[in-house]
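Worksheet: one structure, shown below.
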Amino acid sequence: TFLNKTWGSVPPVKDAQEDPAFNKGGAGTIKETLLKSATALPQVPNEAQFETAVGTAIKDLWADAAGKKEITTADVKAALTKAEQQMPK
């Protein structure tokens, strides 16, 4: 929190935000905005579809490995390429 106090930024940890230093000036306004209206967005557009495609690829690779099939780098690359092709452009 030293850097946050020095530069006037709001720490990401809620407990640290309780420090009175983060209620002064613009920091208090930023803190209130983050608490009341900010929303975390997925890092990947269409994240649910991405998770399903990649998750299925990994699940299938694990199933093959459990069935004693040798998994090669080419197998992994092919599975992930197939998953990528399922994503909208």
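Here the working numbering is used: the first residue of the sequence shown is 10, the next is one more, and so on. C-beta: ideal position from N, C-alpha, C; glycine also. Since this is a predicted model, take the numbers as computed values, not measurements.
- Contact between A74 and I67 fails: their C-beta atoms lie close to 10 Å from each other, not under 8 Å.
- D28: not part of any alpha helix (DSSP H); DSSP gives it neither H nor E.
- As the crow flies, the alpha-carbon of V85 is around 10 Å from that of W71.
- In the three-state DSSP reduction, E60 falls in the helix class (H, G or I).
- Under the Cβ criterion (8 Å, minimum of three pairs), the stretch 17-26 counts as touching the stretch 36-46.
- In the structure shown, the three-state DSSP call for G76 is coil.
- Judged by DSSP in its simplified three-state form, T81 adopts coil rather than helix or strand.
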